[in-house]
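Let me begin by presenting the structure, written as structure tokens, before commenting on it.
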Amino acid sequence: MHQAITAAGLFLDWVRLPRLRAAWHAWIEAERGRYVPWLAVSGMAGVAAYFAQRAEPPGWVGLMAALGALLACVLGWRRPVSRAVCLVGLAAAAGFLSAQMQTRRALPIEAIPAKAAVLTGVVRGVDILPEGRRVTLSGVRLTPDAAPLARTVRVRLRRGDAGELAAGDRIQLRSLLRAPAPRAWDLQRDAFFSGLGASGYALNPAVPLERAQPTGPVAVLQGLRDGIAARVMAGLPGAAGAVAGTLLTGTTASIPQADREAFRDSGLAHLLAVAGLHIGIVMGLVMGATRLLLAAIERTALHWPNKAISGCAALAVGGCYLLLTGAHVPIMRSFAMACLVTLGIILGRRALSLRGLTLAAAAVMMIAPNEVAGVSFQMSFAAVLALISGYEALRPLLARLHGDGLRRRVLSHVVALTLTSLLAGTASAPYGAYHFGHVQLYFIVANLLAVPLTAFWVMPAGLAALTLMPFGMEQLALAPMGWGIEGILWIGRTVASWPAATLAVPAMPGWGLVVFSAGLAWLGLWRSRARLAGVPVMLAGLLSPLAVPPPDVLMSSDARLIAVRDGGYWLQSRSGASKFVRDAWRDHLASGPLQPLQEGRPTSCTAAACRIEPAGLLLLRDASRATDCAGVRLLISAEPARGECPASVPHLDRFSVWRDDAHAVWFAPDGP
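Rendered as structure tokens:
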């Protein structure tokens, strides 16, 4: 890319525009060292291009694109412009190929019976829920003579089932299973790449067939996590113990739903997603404590490389915390960044840099490219990019706050905490809005209080509890940890109860998120004033929902929920309709509560049908009554359509969603 910019400068020399040429060369000098991160952006664009496909592309597409870009680089390496273009294309092709190869490596999708089945399997993990437990099984056999499933199965046990279960046990239970279904965000994709094949609930208590110790490092580690979570929950019952178990083992299933929503509405949900903040706190505490201990001994302080020793200790403990919390991709990505930061500290280099962020992004794209399309990757990388570039741009202003005296020190720390919450929260909020349909207004206040409490009270007490657990003395540290967690819960509940704590926002289209991301990358990666050109691009992405008309009709995958637009949205709900889908529609439409559809509401509704004009929509409510099909352009029915209208009238009914899943309909001048 640097060669391409130099070639553009030579072109300006040729056309003899001296002022523009001078400005161009000044920009080149100012942006030196900022070109490599754009290769990571190009790679992420390639991954996004793969997941944007409607159908699986042929297997040779990614490979041929990568080989073609590589050949173009070899042939055009001597030309600066072609070299830069080919490198960008090669990075994009590599991202596309990585995502395609990960899909091909994934376990095959297996058929799940529609009826209840008596299954046997080996327990790989036991999750404690607010009401009951959930087990993850591997090697599941749906019948005694059937081959074991390659994918795992997750089953929620009956509420009264209190039998002792541990990782490694072989159990039998009768369960009703379902394959993962799409919901507010793409749970099917997450399940596909994580190896989950089905989930369901048990119809009878689990029967242990064989007690066995877990085999293999993964199973042994899972058994250790389950044991730690159980002891934490026993020492800290209630919501405080559930949050403590999340911080120490990464299991979030036991947190009550009301508290989970309070964390979400107050902007503190990132405290429950064990990732960069947590591993940064753990490694920072270990590094600081080790350096303090070595400095307190005269011989080690004078003769030992204390910085290197403390850095290695932090890396070791951080690696253990990574394994203890499940080694999920978000925590692995954060640990990779933390390793780069620690290495930079040991070598006396800048701890946080764009090059480190680029390396971490490249590692994720090569190891788990599906994470690029996930909310965790997007929010965390946006936050880190905003922090790096924001602090770099504001460093001269922040330097004026430093000085002697308690007042200046307190002021500088408060400003730093506020600025950190503002930069990280503002940069990541559009991604949360895209995936969840909400933005939190008071996240700065909540984080300003809760993050220091987590860093300086809760996490140190948690590390002390883990240290004391082998000696049976963990309660000495769990009690203070619980006090701190109660404070965080109070902050979350209080802030979430404030007026308009969360605002529902219209759904942003995929292209709008891409536009916003491009503007954010432009603003964050460049150094000169040209970076400000990214601001209007970001605003264009944020305003993209205005360019997409809301759907006129929504029909769930089982036809038990049908929403139609007539001024506001009106909902027909049949028995057994999914509350989760209804809430997801409400969040997606950002229209407030969905009004129940009944006779006279809207005014065009009768006991037989609802007619929405001028769209020409006819929604059947009672197929046994006669209806007038004059002027109807679309017939919708929750039951199979049996010729209520002529065959020339398009229709959506129970068979339509059975064949093609859920539907959304927009009315155009020429029809639906």
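Number 214 in my numbering belongs to position 214 of the sequence shown; there are no gaps in the numbering. Heads up, the beta-carbon is just placed ideally off N, CA and C, and yes, glycines get one too.
Pick from the options: whose alpha carbon is nearest that of residue i?
{"i": "proline 208", "options": "Ile228, Leu221 and Arg170", "result": "Arg170"}
{"i": "valine 36", "options": "Ser254, Gly616, Gly121 and Leu357", "result": "Leu357"}
{"i": "serine 194", "options": "Thr418, Ser517, Glu371 and Pro646", "result": "Glu371"}
{"i": "valine 329", "options": "Ile488, Ala212, Glu599 and Asp190", "result": "Asp190"}
{"i": "proline 499", "options": "Ile345, Phe377, Gly534 and Asp265", "result": "Asp265"}
{"i": "isoleucine 255", "options": "Leu635, Ile485, Gly592 and His303", "result": "Ile485"}
{"i": "leucine 542", "options": "Trp38, Val439, Gly348 and Ala48", "result": "Val439"}
{"i": "glycine 600", "options": "Leu594, Ala608 and Asp628", "result": "Ala608"}
{"i": "tyrosine 391", "options": "Phe377, Leu354 and Ala373", "result": "Leu354"}
{"i": "alanine 368", "options": "Ser604, Ala327, Gly344 and Leu176", "result": "Ala327"}
{"i": "aspartate 566", "options": "Met44, Cys610 and Ala52", "result": "Cys610"}
{"i": "proline 113", "options": "Thr325, Gly200 and Glu56", "result": "Gly200"}
{"i": "serine 380", "options": "Leu347, Met459, Leu165 and His278", "result": "His278"}
{"i": "leucine 554", "options": "Arg586, Leu397, Met538 and Glu613", "result": "Arg586"}
{"i": "glycine 89", "options": "Gln102, Glu110, Leu63 and Arg104", "result": "Leu63"}
{"i": "methionine 287", "options": "Ser310, Ala301 and Leu302", "result": "Ser310"}
{"i": "arginine 133", "options": "Val85, Thr251, Ala146 and Gly487", "result": "Thr251"}
{"i": "leucine 177", "options": "Ala167, Leu203, Gly223 and Glu164", "result": "Leu203"}
{"i": "isoleucine 636", "options": "Ser389, Gln598, Leu618 and Pro614", "result": "Leu618"}
{"i": "glycine 487", "options": "Leu546, Ala507 and Pro452", "result": "Pro452"}
For the alpha helix (DSSP H) that contains residue i, what are its first and last residues?
{"i": "tyrosine 35", "result": "Counting along the chain, tyrosine 35 falls outside any alpha helix (DSSP H), and DSSP gives it neither H nor E."}
{"i": "histidine 278", "result": "276–295"}
{"i": "tryptophan 526", "result": "Where tryptophan 526 is concerned, there is no enclosing alpha helix (DSSP H), given that its DSSP letter is neither H nor E."}
{"i": "aspartate 145", "result": "That residue, aspartate 145, is in no alpha helix (DSSP H); it is neither H nor E in DSSP."}
{"i": "leucine 419", "result": "406–436"}
{"i": "histidine 303", "result": "298–303"}
{"i": "tyrosine 442", "result": "It is not in any alpha helix (DSSP H) - tyrosine 442 carries neither H nor E in the DSSP assignment."}
{"i": "glutamate 486", "result": "475–496"}
{"i": "proline 217", "result": "217–235"}
{"i": "valine 505", "result": "Looking at the DSSP string, valine 505 is not in any alpha helix (DSSP H), and its letter there is neither H nor E."}
{"i": "glutamine 378", "result": "375–399"}
Just to confirm my understanding: we take residue i, look at its own chain, exclude 5 residues before and 5 after, and list those with CB closer than 8 Å. What are they?
{"i": "arginine 183", "result": "Here arginine 183 scores only 49 on pLDDT, less than 50, and its place in the model should not be relied on; the value that follows carries that caveat. Within the same chain, arginine 183 has close Cβ partners Phe580, Val581 and Ala584."}
{"i": "tryptophan 511", "result": "Ser544"}
{"i": "methionine 469", "result": "Ile228 and Arg231"}
{"i": "valine 657", "result": "Met555, Ser556, Ser557, Asp558, Ala559 and His663"}
{"i": "alanine 638", "result": "Ala559, Arg560, Ile562, Gln572, Arg574, Leu620, Asp653 and Arg654"}
I'd like the list of long-range same chain contacts for residue i, defined as Cβ closer than 6 Å, with 5 residues on each side in sequence excluded.
{"i": "proline 640", "result": "Asp653, Arg654 and Phe655"}
{"i": "aspartate 661", "result": "Ser557"}
{"i": "phenylalanine 443", "result": "Gly267 and Gly425"}
For residue i, which residues in the same chain have their Cβ closer than 7 Å to its Cβ, ignoring the five residues on either side in sequence?
{"i": "glycine 139", "result": "Gly121, Val122 and Pro148"}
{"i": "glycine 631", "result": "Gly616"}
{"i": "proline 305", "result": "none"}
{"i": "proline 108", "result": "Ala150"}
{"i": "leucine 196", "result": "Arg151, Thr152, Arg154 and Pro180"}
{"i": "methionine 332", "result": "Leu322"}
{"i": "alanine 40", "result": "Thr358, Ala361 and Ala362"}
{"i": "alanine 668", "result": "none"}
{"i": "glycine 568", "result": "Ser591 and Gln595"}
Give me the Cβ distance between residue i and residue j, rounded to the nearest whole Å; I'm assuming they're in contact under 8 Å.
{"i": "glycine 235", "j": "glycine 227", "result": "Not really, about 13 Å apart at Cβ, beyond 8 Å."}
{"i": "leucine 129", "j": "alanine 316", "result": "Not quite, the Cβ-Cβ distance comes to about 33 Å (not below 8 Å), so this is no contact."}
{"i": "valine 505", "j": "alanine 563", "result": "Actually they do not touch by this definition, with Cβ atoms about 18 Å apart."}
{"i": "threonine 246", "j": "arginine 225", "result": "Incorrect: roughly 12 Å between the Cβ atoms, too far for contact."}
{"i": "glycine 43", "j": "alanine 362", "result": "7 Å"}
{"i": "tryptophan 483", "j": "arginine 34", "result": "About 46 Å separates the two Cβ atoms, so there is no contact after all."}
{"i": "alanine 262", "j": "alanine 496", "result": "4 Å"}
{"i": "arginine 124", "j": "alanine 52", "result": "At roughly 33 Å, the Cβ-Cβ gap does not stay under 8 Å, so arginine 124 and alanine 52 are not in contact."}
{"i": "serine 376", "j": "alanine 273", "result": "7 Å"}
{"i": "glutamine 475", "j": "tyrosine 431", "result": "Not a contact, Cβ separation roughly 40 Å."}
{"i": "leucine 441", "j": "leucine 503", "result": "7 Å"}
{"i": "methionine 283", "j": "alanine 258", "result": "Wrong, their Cβ atoms sit about 32 Å apart, outside the cutoff."}
Suppose contacts are defined by Cβ-Cβ distances below 8 Å. Is residue i in contact with residue j by that definition?
{"i": "valine 415", "j": "leucine 401", "result": "yes"}
{"i": "glycine 267", "j": "alanine 446", "result": "yes"}
{"i": "arginine 531", "j": "leucine 520", "result": "no"}
{"i": "glycine 276", "j": "methionine 337", "result": "yes"}
{"i": "leucine 385", "j": "alanine 427", "result": "yes"}
{"i": "leucine 271", "j": "alanine 206", "result": "no"}
{"i": "proline 646", "j": "proline 672", "result": "no"}
{"i": "isoleucine 491", "j": "alanine 461", "result": "no"}
{"i": "phenylalanine 192", "j": "alanine 72", "result": "no"}
{"i": "alanine 673", "j": "methionine 481", "result": "Shown here, the chain extends from 1 to 672; a query on residue 673 therefore has no answer."}
{"i": "alanine 295", "j": "alanine 301", "result": "yes"}
{"i": "alanine 48", "j": "valine 514", "result": "yes"}
Grab the span of the beta strand (DSSP E) containing residue i for me, first residue to last.
{"i": "tryptophan 570", "result": "568–573"}
{"i": "glycine 195", "result": "Unbroken run through glycine 195: none, as it is neither H nor E."}
Can a CB atom of chain B be found closer than 8 Å to the CB of residue i?
{"i": "leucine 543", "result": "Here chain B cannot be found, since the structure has a single protein chain."}
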